[in-house]
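In what follows, a structure is listed as structure tokens, so that the remarks can point back to it.
Residue numbers (UniProt numbering): 1 to 95.
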């Protein structure tokens, strides 16, 4: 493939960000979205989940709407309450 160049990630990302399906898939990776989805599948209110993990409803609301950066220990408690597990991926930095 001499002479052909791979697209830069930034160019690829700029193009993908225009795709609503891509945006929806990216949103599903957010912890708050995942917590809200699992909570609803389990038929729990934010208040019920909060009680299960020893916190208050506003903490769950902030997590779900993306306005807080939860600690790993907080996410672990939530995952346990929802019968889920946490999976973390490390992505190499680009230079």
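Don't be surprised by glycine CBs; every beta carbon is placed ideally from N, CA and C.
- The count of Cβ pairs closer than 8 Å, one atom from the stretch 55-66 and one from the stretch 32-43, reaches three, so the stretches are in contact.
- Assignment of residue 32 by DSSP, reduced to helix, strand and coil, places it in the helix class.
- Closest by C-alpha distance to residue 43, out of 25, 12 and 83, is 83.
- Comparing alpha carbon positions, the residue from 41, 92, 91 and 76 closest to residue 85 is 76.
- Within the same chain, Cβ atoms closer than 7 Å to the Cβ of residue 81 are found at 49, 52 and 53, the five residues on either side in sequence being excluded.
- In the structure shown, the three-state DSSP call for residue 86 is coil.
- For residue 39, the number of other beta carbons within 10 angstroms of its own is at least 16, and it is reported as buried.
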